[in-house]
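Enquirer:
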Amino acid sequence: MASISLIQGASRGIGLEFCRHLLRKSSDGIVIATCRSPDSASHLKDLQKSHHERLQLCQLDVQNESHIQNVAKYVNEQFGRLDLLVNTAGMLHPSGRGETSLKDVSFEGLKTTFETNTFGPLMMAKYFSPLLIKGSGCFGQQAVEVKNRHAAILVNMSAKVGSITENKLGGWYSYRMSKVALNMATRNLSIELGRGRNRVICVALHPGTVDTDLSRPYNTNIIKLFSAEYSVNCLMAVIDSLKIEDSGQFLTYDRTQMPF
Ligand SMILES: NC(=O)c1ccc[n+]([C@@H]2O[C@H](COP(=O)([O-])OP(=O)(O)OC[C@H]3O[C@@H](n4cnc5c(N)ncnc54)[C@H](OP(=O)(O)O)[C@@H]3O)[C@@H](O)[C@H]2O)c1
């Protein structure tokens, strides 16, 4: 059975690389790539030229509930299930730079960052969970016991800076807080979607520091700066290794468990 994956926030960076990786990974898997402006997503449109049948582009601004509903309805009508959902859309701050101190904090910055990084992924889970529980279980490692098998995997792209334990530097109020709350949402989802016969593995993943538009203002002196391709290779290896008992965890690209 061909896999059905949805990458939310696929126009650039890590999300775009997930699409490339999944199209390479199998010759028949379907990838639904969502982004705010499909018409101007030139990299996705180029990718679609060589994978016309298997890459579907849908408009989805993760701050817009009716966009989320519409895409969920479309996926239901076309496929009736979803095997993998990766929420990658994210922002440091609408200004492109995290707050360095309290003077930079604004309601508007907090609101937009939370809507994109936290509320959006949770609303995605709300509308796509009925499709995830019908998943074919083709990603991750299935348990031997039938009662512990999983139907699908939901990934929320988190960040190490969303670990309260690891926070020794401060700053980046909006981004850090939005990822802490995303981690809590992921744990909650693992509990709610871990009940019943059709379980969904839910994890928060840290991709490493990756050379993308998001990290560019800060990544000049980073020793371990990953390409998006390297990061996604590692993240997919983690996803492929997931078992039901991993659900609710916050894991890094090398499968280290991050403290919350
Ligand atoms: N890069 C890193 O070092 C790093 C480290 C830790 C965690 N992360 C996390 O990894 C994820 C991906 O980041 P990235 O580095 O790939 O960033 P990026 O290259 O800046 O890409 C961000 C993506 O989010 C999309 N997006 C932003 N707001 C959106 C909205 N309202 N609706 C739909 N899509 C929206 C952007 O779409 P548009 O093209 O429409 O703007 C773009 O596709 C984020 O969640 C980030 O927090 C990244």
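The sequence shown begins at 2 in the numbering used here and counts up one residue at a time.
All C-beta atoms, glycine included, are put in the ideal place defined by N, C-alpha and C.
With distances taken between CB atoms, is the gap from Val87 to Ile8 smaller than 9 Å?
Expert: Locating residue 87 in the sequence shown gives position 86, where the first residue counts as 1. Locating residue 8 in the sequence shown gives position 7, where the first residue counts as 1. The answer is yes: Cβ separation under 9 Å.
Enquirer: In or out: Lys140 buried (at least 16 other Cβ within 10 Å) or exposed?
Expert: Counting from 1 along the sequence shown, the entry for residue 140 is found at position 139. The sequence shown places Phe at residue 140, rather than the Lys named in the question. Label assigned to Phe140: buried.
Enquirer: Is it right to say Asn149 is buried, meaning 16 or more other beta carbons lie within 10 angstroms of its own, or is it exposed?
Expert: On the sequence shown, residue 149 is found 148 positions in, with the first residue counted as 1. It is exposed - the Cβ of Asn149 has fewer than 16 other Cβ atoms within 10 Å.
Enquirer: Just checking Thr117 against ligand 1 - is the residue's beta carbon closer than 8 Å to any of the ligand's heavy atoms?
Expert: Residue numbering aside, residue 117 sits at position 116 when the sequence shown is read from its first letter. Result yes, Cβ under 8 Å from ligand 1.
Enquirer: Would the stretch 123-136 and the stretch 192-202 be scored as touching if the rule is three or more Cβ pairs under 8 Å?
Expert: Touching, yes.
Enquirer: On a Cα-Cα basis, can you pick out the residue from His68, Leu93, Val204 and Gln60 that is closest to Ile245?
Expert: Counting from 1 along the sequence shown, the entry for residue 245 is found at position 244. For the residues His68, Leu93, Val204 and Gln60, the minimum Cα distance to Ile245 belongs to Val204.
Enquirer: Does the Cβ-Cβ distance between Gly30 and Leu23 come in under 9 Å?
Expert: As a first step, residue 30 must be located in the sequence shown, where it is residue number 29. As a first step, residue 23 must be located in the sequence shown, where it is residue number 22. Cβ distance < 9 Å, so Gly30 and Leu23 count as in contact.
Enquirer: Does the beta-carbon distance from Ser175 to Gly110 come in below 9 Å?
Expert: Along the sequence shown, one-based indexing puts residue 175 at 174. Along the sequence shown, one-based indexing puts residue 110 at 109. A contact, by the Cβ cut-off of 9 Å.
Enquirer: Within this structure, are the beta carbons of Leu17 and Leu48 separated by less than 9 Å?
Expert: Counting from one through the sequence shown, the residue named residue 17 turns up at place 16. Counting from one through the sequence shown, the residue named residue 48 turns up at place 47. Yes, the pair counts as a contact, with Cβ atoms nearer than the cut-off.
Enquirer: Grab me the residues of Cys20's own chain with a C-beta within less than 8 Å of its C-beta, minus the 5 sequence neighbours each way, in chain order.
Expert: Mapped onto the sequence shown, residue 20 falls at position 19. The answer, listed in chain order, is Ile8, Ala11, Val32, Ala34, Leu45, Leu48 and Leu56.
Enquirer: How far does the alpha helix (DSSP H) with Val76 in it extend, from its first residue to its last?
Expert: Mapped onto the sequence shown, residue 76 falls at position 75. Start and end: Glu66 to Gln79.
Enquirer: What span of residues does the beta strand (DSSP E) with Leu155 cover, start to end?
Expert: As a first step, residue 155 is located in the sequence shown; it is residue number 154 there, counting from the start. Run containing Leu155: His151 to Met158, per the beta strand (DSSP E) assignment.
Enquirer: Excluding the 5 residues flanking Leu83 on each side, which residues of the same chain have their C-beta closer than 7 Å to its C-beta?
Expert: Mapped onto the sequence shown, residue 83 falls at position 82. Same-chain partners within the cutoff: Ile5, Leu7, Val76, Phe129, Leu132, Leu133, Gly136 and Ala153.
Enquirer: Using C-beta distances below 7 Å, list every residue in its chain close to Glu116, excluding the 5 sequence neighbours before and after it, in chain order.
Expert: One-based indexing of the sequence shown puts residue 116 at position 115. The answer, listed in chain order, is Gln64.
Enquirer: Does Thr187 pass the burial test, meaning 16 or more other C-beta atoms within 10 Å, or should it be called exposed?
Expert: One-based indexing of the sequence shown puts residue 187 at position 186. It counts as buried.
Enquirer: Closest to Ser96 by C-alpha separation, out of Phe261, Val106 and Val147, would be which residue?
Expert: Working through the sequence shown from its first residue, we reach residue 96 at position 95. The shortest Cα separation from Ser96 among Phe261, Val106 and Val147 belongs to Val106.
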